[in-house]
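Colleague: In the UniProt record's numbering, the protein residues as written are 1 to 506.
This is the structure I want to talk about, given as structure tokens.
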């Protein structure tokens with residue numbers, strides 16, 4: 001479990017309150033592989049290397065048909081080339097458009113009493129974590145894969161997520177969803193399972209992401225309506241459980257093997273992740289081993305292979321203590337040509353939060369442009385619901401420590417403003433791209449108001465738990481209580497600001 005202390009440091013006339021993300025997100029470590037109460041680590045063994053299907057599969061470089069020079073092979077090769085060309089043309093046309101599941105229903109659609117991905121063509125592949133503590137990665141990638149279905153069927157590599165990140169945990173030690181978020185939002189992945197097969201203890205270098213994840217929402221605890229709407233409109237929702245079971249053969253008083261139904265009611269924190277892929281409001285309470293007040297259950301995937309439950313699926317009662325407390329849904333999964341470059345200094349992502357004892361703060365990251373870069377978007381975390389933001393740019397900054405730097409940060413231009421309903425990470429595209437000068441130093445600045453919190457700004461820093469590999473030399477971040485007086489947080493607070501910038505080349 002991550003340390004849940006709150007640190008207060010006094011700097012001049014400003015109080016900064018620094019809280020670990022674990023206060024809000026994390027729970028206890030377990031043998032199942034879940035480090036956090038909302039960021040569980042998931043274990044499994046991915047048995048297939050199904051990646052992209054149809055034309056996407058070919059465009060990813062996989063062979064289709066015979067290639068032995070025979071007439072059939074030549075025809076299939078020509079067909080392959082045509083499909084590749086069509087796919088490339090379509091991706092170019094959709095360059096700025098994210099892949100969005102769209103049933104033609106709006107967010108206020110009346111939900112059915114029951115809904116199941118298995119009958120809707122949206123069922124993701126079931127994985128098997130085996131003996132490793134990788135349930136967190138399996139659940140994250142299963143939820144991500146489900147957000148693409150039925151339009152695209154892709155299987156992403158758990159080995160790569162759990163081994164090619166900026167954290168110091170082995171696959172035996174578990175993980176949490178903030179680690180998944182950091183890996184995906186940094187464009188370290190996802191890569192295909194066929195490129196990095198699971199369970200061999202090896203993950204090759206040099207693999208490129210097959211999607212760019214630009215938005216991940218964290219839904220409110222026990223908001224079952226929000227969970228159902230996310231499942232119905234977006235994709236599977238990664239959530240957490242407590243279980244004493246370790247694999248498909250394990251027994252538990254909370255699990256009814258005859259009905260594939262699970263319910264835990266108690267004080268234990270979550271230690272395992274699964275993915276909610278449906279629900280049944282009328283699923284009988286009699287199917288569970290516990291005496292429950294009412295009917296209803298979520299339909300979930302597990303990462304213990306198809307021998308568990310109903311070919312890998314099982315029911316979790318609405319009355320389970322932990323289900324629906326920590327909920328992650330991948331709502332912005334885009335093609336890799338959406339942007340050409342990402343500027344970032346927070347490869348470990350949302351480790352903690354910082355603020356001035358109030359719900360408002362200003363934060364900024366300074367970066368240096370390359371040749372021909374156009375500012376296209378910025379991304380940051382909302383650390384709680386109903387966050388209001390204003391996004392600015394400041395240009396032609398002097399070097400850190402220059403007396404004129406503060407003045408330059410205050411000479412800013414408003415680019416966008418809005419309100420974010422849920423916590424999570426959001427990418428804000430600009431209405432018009434801004435051409436940056438070659439080698440120009442610029443800064444993106446965000447004013448944020450997050451009701452109910454006194455530390456609204458997400459940061460990366462070394463929490464002293466030996467989990468995160470944090471580099472303070474790669475960032476130049478600034479924090480302010482009023483947007484006028486700024487401090488350089490790498491120097492004063494030992495942290496990096498979580499604020500990314502995305503550019504296109506002209």
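Glycine included, C-beta positions come from ideal geometry on N, C-alpha and C.
Only counting runs of 3 or more residues, tell me where the beta strand (DSSP E) segments fall wholly within the region 195-245, in order along the chain.
Modeller: 212-219 and 237-241
Colleague: Along the beta strand (DSSP E) that carries residue 433, what are the first and last residues, could you check?
Modeller: 423-435
Colleague: Consult DSSP for residue 545 and reduce its assignment to one of helix, strand or coil.
Modeller: Outside the shown range of the chain, which is 1 to 506, sits residue 545, and nothing can be said about it.
Colleague: Counting along the chain, where does the alpha helix (DSSP H) carrying residue 185 start and finish?
Modeller: 177-185
Colleague: Between residue 207 and residue 338, what straight-line distance do the alpha-carbon atoms span, to the nearest angstrom?
Modeller: 18 Å
Colleague: Is residue 136 helix, strand or coil when you go by DSSP?
Modeller: helix
Colleague: Taking 8 Å as the threshold, find out whether the region 220-239 comes into contact with the region 271-283 through three or more Cβ pairs.
Modeller: yes
Colleague: Only counting the same chain, and skipping five residues up and downstream in sequence, which positions put a Cβ closer than 7 Å to that of residue 323?
Modeller: 239, 241, 298 and 316
Colleague: Nearest to residue 374 by alpha carbon, out of 134, 503 and 181?
Modeller: 503
Colleague: Short check: CB of residue 511 to CB of residue 189, under 8 Å?
Modeller: Here the chain has residues from 1 to 506 only, and residue 511 is not among them.
Colleague: Put residue 280 into one of helix, strand or coil per three-state DSSP.
Modeller: strand
Colleague: Considering only DSSP beta bridges, list what residue 486 is partnered with.
Modeller: Bridge partners of residue 486: none, in fact.
Colleague: Relative to the C-alpha of residue 182, which residue among 314, 494, 165 and 217 is closest?
Modeller: 165
Colleague: Given this structure, state the Cα-to-Cα distance separating residue 120 from residue 246, to the nearest angstrom.
Modeller: 30 Å
Colleague: Less than 6 Å between C-beta atoms, sequence neighbours within five positions excluded: which residues of the same chain meet that for residue 495?
Modeller: 459, 461 and 489
Colleague: Using only the alpha-carbon positions, how far apart do residue 65 and residue 194 sit?
Modeller: Below a pLDDT of 50, predicted positions are generally treated as unreliable, and residue 65, at 25, falls in that range; the measurement from the model is reported next regardless. Cα-Cα distance, rounded: 18 Å.
Colleague: Determine the closest residue to residue 178 out of 471, 227 and 328, with distance taken between C-alpha atoms.
Modeller: 328
Colleague: Mapping DSSP to helix, strand and coil, what is residue 360?
Modeller: strand
Colleague: Residues in its own chain within less than 6 Å of residue 159 by CB, not counting five upstream and five downstream?
Modeller: Cβ within range, chain order: 196, 198 and 203.
Colleague: Give me the residue from 394, 295 and 414 with the minimum Cα distance to residue 405.
Modeller: Among 394, 295 and 414, the Cα nearest to that of residue 405 belongs to 394.
Colleague: Tell whether a beta-carbon distance below 8 Å holds between residue 301 and residue 142.
Modeller: Yes. Within cutoff.
Colleague: Comparing C-alpha positions only, which one of 163, 355, 253 and 107 sits nearest to residue 191?
Modeller: 163
Colleague: At a cut of 8 Å, does the region 341-350 reach the region 465-479 through at least three beta carbon pairs?
Modeller: yes
Colleague: According to DSSP, is residue 410 part of a helix, a strand, or is it coil?
Modeller: helix
Colleague: In the DSSP assignment, what residue or residues form a beta bridge with residue 192?
Modeller: In the DSSP assignment, the residues bridged to residue 192 are 156.
Colleague: Compute the Euclidean distance between the alpha carbons of residue 443 and residue 367, then round it to the nearest angstrom.
Modeller: 6 Å
Colleague: Tell me which same chain residues have a C-beta within less than 7 Å of the C-beta of residue 172, skipping the five on either side of it?
Modeller: 132 and 133
Colleague: Roughly how many angstroms separate the alpha carbons of residue 259 and residue 311, rounded to a whole number?
Modeller: 12 Å
Colleague: Could you check the C-alpha separation between residue 9 and residue 289 for me, to the nearest Å?
Modeller: Because the pLDDT at residue 9 is just 34, under 50, the model does not fix this residue reliably, and the point stays unresolved.
Colleague: What are the boundary residues of the beta strand (DSSP E) that includes residue 480?
Modeller: For residue 480, the enclosing beta strand (DSSP E) has its first and last residue at 477-480.
Colleague: Residue range of the beta strand (DSSP E) that residue 343 falls in?
Modeller: 341-343
Colleague: Restricting to Cα atoms, I'd like to know which of 128, 200, 112 and 118 is closest to residue 307.
Modeller: 128
Colleague: Kindly indicate which residue of 387, 385, 267 and 330 has the alpha-carbon position closest to the one of residue 149.
Modeller: 330
Colleague: Of all the options 110, 145 and 169, which has the alpha carbon lying nearest to the alpha carbon of residue 465?
Modeller: 169
Colleague: Using the three-state DSSP reduction, which class does residue 373 fall into: helix, strand or coil?
Modeller: strand
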